[in-house]
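Comments concern the structure below.
Numbering (this note's numbering), first residue to last: 27 to 201.
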């Protein structure tokens, strides 16, 4: 037997800043699903809010890094609202890097995780060229990827074959 379908309620325009602060706190508390929900509420009220767009991307990609790798397409879809080329490139790198972290967390290291980290590094290199002056965020992320590769012998360069097991998320129902 099904359940009643609920319509979400809109937040007030005056409550947007407080909601964003609350979403940031939920992310800091490692509660990305709650942060995602609030970011979606803010975007329903203010679709062009850069802070809410960023929070949505980060909250979803937090889940990807924690092993919910099937959420990566949702994070990539959230990039569509980002108009600034630097931010779009940088956060694309974040998403790809977190896909690699999610695979590693699930114990799936090797060529696929390595390839994702290298892809993220390429995106960070592109973002660095577009970055505002004195913004070294892309360099910091590139360095983190480089250190992860350098310090984990399980991450190996090689041919990446389609590994269906690595893209299946146990939270996703079978069809």
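Ideal Cβ placement from N, Cα and C applies to all residues, glycine included.
Judged by DSSP secondary structure, residue 68 falls within the alpha helix (DSSP H) whose first and last residues are 58 to 71. Taking 8 Å as the upper bound for CB-CB distance, residue 94 and residue 128 are in contact here, some 7 Å apart. By the Cβ neighbour-count rule, residue 88 is buried, with 16 or more other Cβ atoms within 10 Å of its own. In terms of Cβ geometry, residue 102 and residue 130 do not form a close pair [threshold 8 Å]. Under the three-pair Cβ rule at 8 Å, the segment 148 to 166 counts as touching the segment 103 to 117.
Relative to the Cα of residue 134, the nearest Cα in the group 44, 30, 92 belongs to 92.
Residue 41: not part of any alpha helix (DSSP H); DSSP gives it neither H nor E.
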